Amino acid sequence: MKLLEDKILSEGLALSESVLKVDSFVNHQVDPFLMREIGRDFASHYKDVHITKVLTIESSGIAPAVFTAYELGVPMIILKKQTSKILKDHILQTNITSFTKGTSYELTLSKDYVDDKDTVLIIDDFLANGEAAMGAIRLALMAGAKIAGIGILIEKSFQKGRQRILDAGYEVYSQARVAKLGKDLIEFVRE
Ligand code: G4P
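Residue numbers (my numbering): 740 to 930.
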């Protein structure tokens, strides 16, 4: 998606050969006009699939996911990283260990919001090693849902997330695919 690539080139910062900082429009400050176009682009890519719910992982996936859900005319569901102390019986959980952040958490979904009648689209901001996306896939399957695909804003194509998701049998649509990061360098995958 050219608009997102241009924004990454103008405001993104390669902090190292593996980390891209996009705090000014995705992770800290959010650009709502860009998010609206991102939502439209995902909705257009998945227009022929009958999606009933959009799933995302808190927190940075929420903005693009809500715009996507709005465009598709369906609800958006936030997979939580902190377990509710009230809803202990009615939840599905799976453990996620992030290689990027060196942290571990229980990703949680209430059984109230996804079931075997749903076809879900999973949206997230980054795809690195794919731990978070694979966890979201596991939760959707535990709820009995079908998975239409995984929609990603920024894929770091030099890490193994995309291949893991493809190997598991799911489609990945990434709006920007970063091939290489370095000092003053952000390069995209060109097909
Ligand atoms: P992993 O398997 O390597 O752990 O990668 P995963 O895709 O699960 O990402 C773990 C967390 O690190 C995610 O954020 C993801 O957005 C973030 N992340 C990974 N690589 C980058 C990067 O190059 N730049 C930025 N800005 N973030 C990156 P999270 O823990 O879910 O946090 P949140 O921002 O959604 O709250």
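Virtual Cβ for every residue (Gly too), placed ideally from N, Cα, C. Just so we're clear, the structure is a prediction, and the values are computed from it rather than from any experiment.
Three-state secondary structure (DSSP) of residue 763: Secondary structure of residue 763 (DSSP, three-state): helix.
The segment 806 to 815 contacting the segment 775 to 791, beta-carbon criterion three pairs below 8 Å: Touching, yes.
Delimiting residues of the alpha helix (DSSP H) encompassing residue 745: Element bounds for residue 745: 741 to 750.
8 Å Cβ cutoff met for residue 800 and residue 863: The answer is yes: Cβ separation under 8 Å.
Limits of the alpha helix (DSSP H) - the one that residue 783 falls within: Judged by DSSP secondary structure, residue 783 falls within the alpha helix (DSSP H) whose first and last residues are 771 to 784.
Check: residue 834 C-beta below 7 Å from any heavy atom of the ligand ZN: Absence of the ligand ZN from the depicted structure is noted, with the ligand G4P being the only ligands included.
Segment contact flag, the segment 882 to 891 with the segment 906 to 918, C-beta cutoff 8 Å, min 3 pairs: Yes, since at least three Cβ pairs between the segment 882 to 891 and the segment 906 to 918 fall closer than 8 Å, the two stretches touch.
Heavy atom of the ligand G4P within 7 Å of residue 864 beta-carbon: Under cutoff, so the answer is yes.
CB of residue 797 within 8 Å of CB of residue 838, strictly: Their beta carbons are not under 8 Å apart, which means residue 797 does not touch residue 838 by this criterion.
Contact belief for residue 858 with residue 885 at Cβ below 8 Å, rounded distance in angstroms: Between residue 858 and residue 885 a beta carbon distance of about 4 Å is seen, short of the 8 Å cut, so the two are scored as contacting.
Stretch pair the segment 747 to 764 + the segment 923 to 930: three plus CB contacts closer than 8 Å: As far as the Cβ criterion goes, the segment 747 to 764 touches the segment 923 to 930, which means the pair count is three or higher.
Span separating the alpha-carbon of residue 867 from that of residue 895: Going by the C-alpha atoms only, they are around 6 Å apart.
For residue 878, the three-state DSSP class (helix, strand or coil): It is helical.
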